[in-house]
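So the sequences go chain by chain: A and B. Read in order, the letters of the first sequence are residues 1 to 216 in the UniProt record's numbering. Read in order, the letters of the second sequence are residues 1 to 216 in the UniProt record's numbering. Backbone N, C-alpha and C fix where the C-beta goes; we use that ideal spot for every residue, glycine too. None of the values given here were measured: they were computed from a predicted structure. Report on the following structure.
2 protein chains.
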Amino acid sequence: MPHAPTPPTAPHAPTAPTAKGRATRARIVEGAAEVLREQGVALTTLDDIRGRTGTSKSQLFHYFPDGKDELLLAVAQFEADRVLEDQQPHLGRLDSWESWQRWRDVVVERYERQGDHCPLGSLFLQVGRSRPGARAIVTELVRQWQQQLAHGMRALQAKGLVSPALDVDRTAAALLAGIQGGVAIMMSTGDSAHLRAALDTGIEHLRATADGPVRT
Amino acid sequence: MPHAPTPPTAPHAPTAPTAKGRATRARIVEGAAEVLREQGVALTTLDDIRGRTGTSKSQLFHYFPDGKDELLLAVAQFEADRVLEDQQPHLGRLDSWESWQRWRDVVVERYERQGDHCPLGSLFLQVGRSRPGARAIVTELVRQWQQQLAHGMRALQAKGLVSPALDVDRTAAALLAGIQGGVAIMMSTGDSAHLRAALDTGIEHLRATADGPVRT
């Protein structure tokens, strides 16, 4: 078996993180996320995070040389991943009406439990929603979430449960907008009725396409 | 013609504001809203607002005895009213597909023009979204907006353009959630595609109900 070619190495290329380094960084981010959820972003210091994660100042600097904002963005990425993980395995297999209903229940339950505290929202308030790092995290979260919803709608189409004429990408975008708005209204009013309405109306819209032609 | 009975007056009831007093207060609120939109909430002082509106300290205290937060809540109410006004006359007469389409265009245009600056959102950040005063303003805005959407859906039902079986209140709640979420996503990503998708899918859903039975 031939040897794999040795990749060229730039003389001063940064050292690739080792598995151990990646694990330590992940542990710090996870611990920081815990403290931030408990105390809120405004009241949490780097010392609180060092205390919780058993990390020295130089270790923290090694993993987050740009300081607190870099760490907060890493936590925001962690929380964004969690938004999707919390919806699994349902979000990843939306291929029957039963699975859509289960997913709907998980989403309502997750956000009702979260109440008026949105970890991701608080982090973006702190680091600035329009900073490129923050914007990239939201854009990617929206893209992945919408893609999984669209994937589920295509699975329903493949089974003949939804009209083949449905504009899947637009319908997935609309459903995601409804979820976001439902959560935002719930955080302001304390009532999840809009979130439920967005999910139920969105699923009903999908079901209705099977009955007749979709006008566009 | 009999005289109207004189209403009983409590000995120390606060003086009802005169028409002139109401006009002065409205002028201060409108001027404050202008300054806050230009400079942002965080950078605006009461002196900036006094300067713009030609108001003395004692006048400001007379109309807003509880200080800056009371003034900011009054501006939030003014901005909330404006959200609905900006959608008129279309939002108030959604009785044909043409009027729904015109309203949809006005909403997209309004929020695209607004970009990533939401006056109401910034005010609530400053005074605290969960404060009773702030919560009451959002709850009332949501209620009125949704009521006008539902009124429009009922007008379509009355003309036989939409199925009488449609759950109007839930559908109006879902559409409003989609608008809110579409605006929120646009403010984070700079792209109005989700707002457009929510509006277009919502209207398409209404149109589709005329073609067949609505399953619930």
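By the three-class DSSP mapping on this structure, what secondary structure does ARG25 of chain A have?
For this step, residue 25 of chain A is matched to residue 25 along the first sequence. Looking at ARG25 of chain A - three-state DSSP - the assignment turns out to be helix.
Taking 9 angstroms as the CB-CB limit, is residue 248 of chain A close to chain B?
This structure does not reach residue 248 of chain A, given that chain A is present from 1 up to 216, and the question cannot be answered.
Listed by chain order, chain B residues near LEU195 of chain A by CB distance under 8 angstroms:
Numbered from 1 along the first sequence, position 195 holds the residue referred to as residue 195 of chain A. For the C-beta of LEU195 of chain A, the chain B residues within less than 8 angstroms are, from N- to C-terminus, ALA177.
Comparing the C-beta of ALA184 of chain B with each C-beta of chain A, is any distance below 9 angstroms?
The residue you call residue 184 of chain B lines up with position 184 of the second sequence. With 9 angstroms as the cut-off, ALA184 of chain B counts as an interface residue toward chain A.
Coil, strand or helix - residue 218 of chain A by DSSP
Here chain A has residues from 1 to 216 only, and residue 218 of chain A is not among them.
Can the beta-carbon of LEU141 of chain A be found less than 9 angstroms from the beta-carbon of ALA80 of chain A?
For the purposes of this step, residue 141 of chain A is taken as the residue at position 141 of the first sequence. For the purposes of this step, residue 80 of chain A is taken as the residue at position 80 of the first sequence. Between LEU141 of chain A and ALA80 of chain A, the C-beta gap is smaller than 9 angstroms, which places the two residues in contact.
Counting pairs of beta carbons, one from the segment 191-207 of chain A and one from the segment 122-132 of chain B, are three or more of them closer than 8 angstroms?
Contact between the segment 191-207 of chain A and the segment 122-132 of chain B is absent, because fewer than three Cβ pairs lie under 8 angstroms.
Contact check, LEU125 of chain B vs LEU125 of chain A, beta carbons under 9 angstroms:
Working through the second sequence from its first residue, we reach residue 125 of chain B at position 125. Working through the first sequence from its first residue, we reach residue 125 of chain A at position 125. Yes, Cβ-Cβ distance for LEU125 of chain B and LEU125 of chain A is below 9 angstroms.
In whole angstroms, what separates the C-alpha of VAL41 of chain A from that of GLY202 of chain B?
Indexing the first sequence from 1 puts residue 41 of chain A at position 41. Indexing the second sequence from 1 puts residue 202 of chain B at position 202. Roughly 36 angstroms separates the two Cα atoms.
Cα-Cα separation, MET187 of chain B to HIS117 of chain B
The count along the second sequence starts at 1 and reaches residue 187 of chain B at position 187. The count along the second sequence starts at 1 and reaches residue 117 of chain B at position 117. About 7 angstroms.
Contacts of VAL138 of chain A in chain B (Cβ-Cβ under 7 angstroms)
Locating residue 138 of chain A in the first sequence gives position 138, where the first residue counts as 1. The contacting residues are SER188 and THR189.
Through-space distance from ALA136 of chain B to ARG143 of chain B, alpha-carbon basis
For the purposes of this step, residue 143 of chain B is taken as residue 143 along the second sequence, with counting starting at 1. For the purposes of this step, residue 136 of chain B is taken as residue 136 along the second sequence, with counting starting at 1. When only Cα atoms are considered, ARG143 of chain B and ALA136 of chain B end up about 10 angstroms apart.
Over the uninterrupted alpha helix (DSSP H) stretch that includes LYS68 of chain B, give me the two end residues.
If you number the second sequence from 1, residue 68 of chain B lands on position 68. Taken as a continuous stretch (DSSP letters only), the alpha helix (DSSP H) holding LYS68 of chain B covers 68-85.
With VAL142 of chain A as the anchor, note down where its alpha helix (DSSP H) starts and where it stops.
Reading the first sequence from its first residue, position 142 is the one you call residue 142 of chain A. Run containing VAL142 of chain A: 132-158, per the alpha helix (DSSP H) assignment.
For ALA165 of chain B, count the other beta carbons within 10 Å of its own beta carbon; 16 or more makes it buried, fewer makes it exposed. Which is it?
By 1-based counting over the second sequence, the position of residue 165 of chain B is 165. Looking at its Cβ environment, which holds fewer than 16 other Cβ atoms inside 10 Å, ALA165 of chain B is exposed.
Simplified DSSP state of ARG170 of chain A, which is helix, strand or coil:
Translated into positions along the first sequence, residue 170 of chain A becomes position 170. ARG170 of chain A: helix per DSSP, three-state reduction.
Can you find a C-beta in chain A that's less than 9 angstroms from the C-beta of ARG135 of chain B?
Looking up residue 135 of chain B in the second sequence gives position 135. Answer yes: the Cβ-Cβ gap between ARG135 of chain B and chain A drops below 9 angstroms somewhere.
ASP191 of chain B - containing alpha helix (DSSP H), residue span
Locating residue 191 of chain B in the second sequence gives position 191, where the first residue counts as 1. In this chain, ASP191 of chain B is not harboured by any alpha helix (DSSP H), its DSSP state being neither H nor E.
Which of helix, strand or coil DSSP assigns to SER58 of chain A
Taking the first residue of the first sequence as position 1, residue 58 of chain A is located at position 58. Three-state result, SER58 of chain A: helix.
Quick check on ALA76 of chain A: buried or exposed, where buried means 16 or more other Cβ atoms within 10 Å of its Cβ?
What you label residue 76 of chain A is simply residue 76 of the first sequence in a count that begins at 1. So ALA76 of chain A ends up on the buried side.
Let me see if you follow: with CB-CB separation under 9 angstroms, is HIS90 of chain A close to chain B or not?
Translated into positions along the first sequence, residue 90 of chain A becomes position 90. No, its Cβ sits nowhere closer than 9 angstroms to a Cβ of chain B.
Within 10 Å of its beta-carbon, does ASP200 of chain A have 16 or more other beta-carbons around it, so buried, or fewer, so exposed?
Within the first sequence, residue 200 of chain A is the residue found at index 200, counting from 1. So ASP200 of chain A ends up on the buried side.
Between the segment 100-113 of chain B and the segment 49-58 of chain B, do at least 3 Cβ pairs fall closer than 8 angstroms?
no
Straight-line gap, TRP145 of chain A to LEU161 of chain A (C-alpha atoms, nearest Å)
Counted from its first residue, the first sequence places residue 145 of chain A at position 145. Counted from its first residue, the first sequence places residue 161 of chain A at position 161. Taking the straight line from one Cα to the other gives about 21 angstroms.
For PHE61 of chain B and chain A, any beta-carbon pair shorter than 9 angstroms?
If you number the second sequence from 1, residue 61 of chain B lands on position 61. So, not an interface residue.
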